[in-house]
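J.: Quick one: structure below, then a few questions.
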Amino acid sequence: MKRVSIKRLAHLNDILIFLIILLWLLASPVNISVPLDDVYVYFNYARNFAEGRPFAYDPRNIPSEGFTSLLYMLLLVPAELLDLNTFFVTVIINMLSLALSVVWIGRALRATGVLPKGGDVFFTIVLAALVVRDPNISALVYSGFEAVFGLLWVTGMAVSVAYALDAQRAENVRRRWLTIFFVMVFLAHLVRPEYVLIGAVGGLLLL
Numbered sequence: 174m175k176r177v178s179i180k181r182l183a184h185l186n187d188i189l190i191f192l193i194i195l196l197w198l199l200a201s202p203v204n205i206s207v208p209l210d211d212v213y214v215y216f217n218y219a220r221n222f223a224e225g226r227p228f229a230y231d232p233r234n235i236p237s238e239g240f241t242s243l244l245y246m247l248l249l250v251p252a253e254l255l256d257l258n259t260f261f262v263t264v265i266i267n268m269l270s271l272a273l274s275v276v277w278i279g280r281a282l283r284a285t286g287v288l289p290k291g292g293d294v295f296f297t298i299v300l301a302a303l304v305v306r307d308p309n310i311s312a313l314v315y316s317g318f319e320a321v322f323g324l325l326w327v328t329g330m331a332v333s334v335a336y337a338l339d340a341q342r343a344e345n346v347r348r349r350w351l352t353i354f355f356v357m358v359f360l361a362h363l364v365r366p367e368y369v370l371i372g373a374v375g376g377l378l379l380l
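Last residue of the sequence shown: number 380 in our numbering, and the count goes up by one each step with no gaps.
Structure, rendered in structure tokens:
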């Protein structure tokens, strides 16, 4: 019973941190001029994809691979189909990715027991405070670039492998998390291949 209540408190803490980061990013004044130049490449590919010219950069319908992140570009296609502001969509994606990444880092620490009891909660709170107060991170979120989105899958790799190796979990649950780990690796590779290497280094630090 006590363990269940502790888990509920931990989940509540995760939800609160997630919401606080989102609200802070939404409320913080940010000087937005224009997206980074590379972001317009994604916008062009997504627009042509939505107009029936998949993987074409311009109306000539010549397939090419000028985008860096396949998964990030594909996420922008529905925005083009729905005639949404693609830059606004990239900002929302980055906000959600950043908030969830912080929560996942805390969960990975909790599962591995790297920090003393309760230390993961304190660490996550401090990390969240540092993240929302860093103007460089805020600028990156509002840049429209996929770097923050890539961080999501790096932390996803870390938390899934931490759960897969958690001896306190049932064997079938651990196998399920191992499967999720490989899905995270695949998605990280679709964002940018180097994120798989970054995730591997992060996993070694946790374990």
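Each residue gets a CB set at the ideal place from its N, CA and C atoms; glycine is no exception. All values reported here derive from a predicted model rather than from experimental measurement.
Determine the closest residue to leucine 313 out of Trp350, Ile265, Gly329, Leu360, with distance taken between C-alpha atoms.
T.: Against the sequence shown, residue 313 aligns to sequence position 140. Leucine 313 has its Cα closest to that of Ile265, out of Trp350, Ile265, Gly329, Leu360.
J.: Out of curiosity, what's the CA-to-CA distance linking valine 287 and threonine 259?
T.: Against the sequence shown, residue 287 aligns to sequence position 114. Against the sequence shown, residue 259 aligns to sequence position 86. Cα to Cα, valine 287 sits roughly 40 Å from threonine 259.
J.: Is alanine 343 helix, strand or coil when you go by DSSP?
T.: Counting from one through the sequence shown, the residue named residue 343 turns up at place 170. Correct three-state label for alanine 343: coil.
J.: Sorted by chain position, which residues of the same chain lie with C-beta nearer than 6 Å to glycine 323's C-beta, five sequence neighbours on each side aside?
T.: Along the sequence shown, read from residue 1 onward, the residue named residue 323 stands at position 150. Taken in chain order, the residues that qualify are Val364, Arg365, Tyr368.
J.: Are the CB atoms of methionine 330 and alanine 284 nearer to each other than 8 Å?
T.: Here residue 330 refers to the residue found at position 157 of the sequence shown. Here residue 284 refers to the residue found at position 111 of the sequence shown. The answer is no: Cβ separation not under 8 Å.
J.: Just to check my reading of the structure: leucine 261 and glycine 279 have Cβ atoms closer than 8 Å, yes? What is that Cβ distance to the nearest angstrom?
T.: Walking along the sequence shown from the start, residue 261 turns up at place 88. Walking along the sequence shown from the start, residue 279 turns up at place 106. It should be noted that the sequence gives phenylalanine, not leucine, for residue 261. Going by Cβ atoms, the distance from phenylalanine 261 to glycine 279 rounds to 28 Å, so no, they are not a contact pair.
J.: Would phenylalanine 191 and valine 327 qualify as a contact pair, given that the criterion is a beta-carbon distance under 8 Å?
T.: Within the sequence shown, the letter at position 18 stands for residue 191. Within the sequence shown, the letter at position 154 stands for residue 327. Against a cut-off of 8 Å, the Cβ pair of valine 327 and phenylalanine 191 comes out as no contact.
J.: Under 7 Å Cβ to Cβ from leucine 243, same chain only, skipping five residues before and after it: list those, please.
T.: For the purposes of this step, residue 243 is taken as the residue at position 70 of the sequence shown. For leucine 243, where only same-chain residues beyond five positions count, the Cβ hits under 7 Å are Leu363.
J.: Between serine 274 and the rest of its own chain, which residues show a CB-CB distance below 7 Å, the 5 nearest in sequence each way excluded?
T.: Locating residue 274 in the sequence shown gives position 101, where the first residue counts as 1. The residues are Leu324, Leu325, Thr328.
J.: Excluding the 5 residues preceding and the 5 following alanine 223 in the sequence, name in chain order all residues of the same chain whose CB lies nearer than 7 Å to its CB.
T.: To locate residue 223, count along the sequence shown from 1; it is residue 50. So the list reads Val250, Glu253, Leu254, once near-sequence residues are dropped.
J.: Using CA atoms only, rank isn't needed, just tell me which of Ala272, Gly317, Thr241, Ser201 is closest to isoleucine 298.
T.: Locating residue 298 in the sequence shown gives position 125, where the first residue counts as 1. It is Ala272 whose Cα lies nearest to the Cα of isoleucine 298.
J.: Among Val332, Pro308, Asn267, Leu198, which has the Cα closest to the Cα of leucine 282?
T.: Taking the sequence shown and counting its residues from 1, one reaches residue 282 at position 109. Here the closest residue by C-alpha is Val332.
J.: Pull up the CB-CB distance for phenylalanine 354 and alanine 337, whole angstroms please, since I reckon it's below 8 Å.
T.: Against the sequence shown, residue 354 aligns to sequence position 181. Against the sequence shown, residue 337 aligns to sequence position 164. Contact holds; Cβ gap of about 6 Å.
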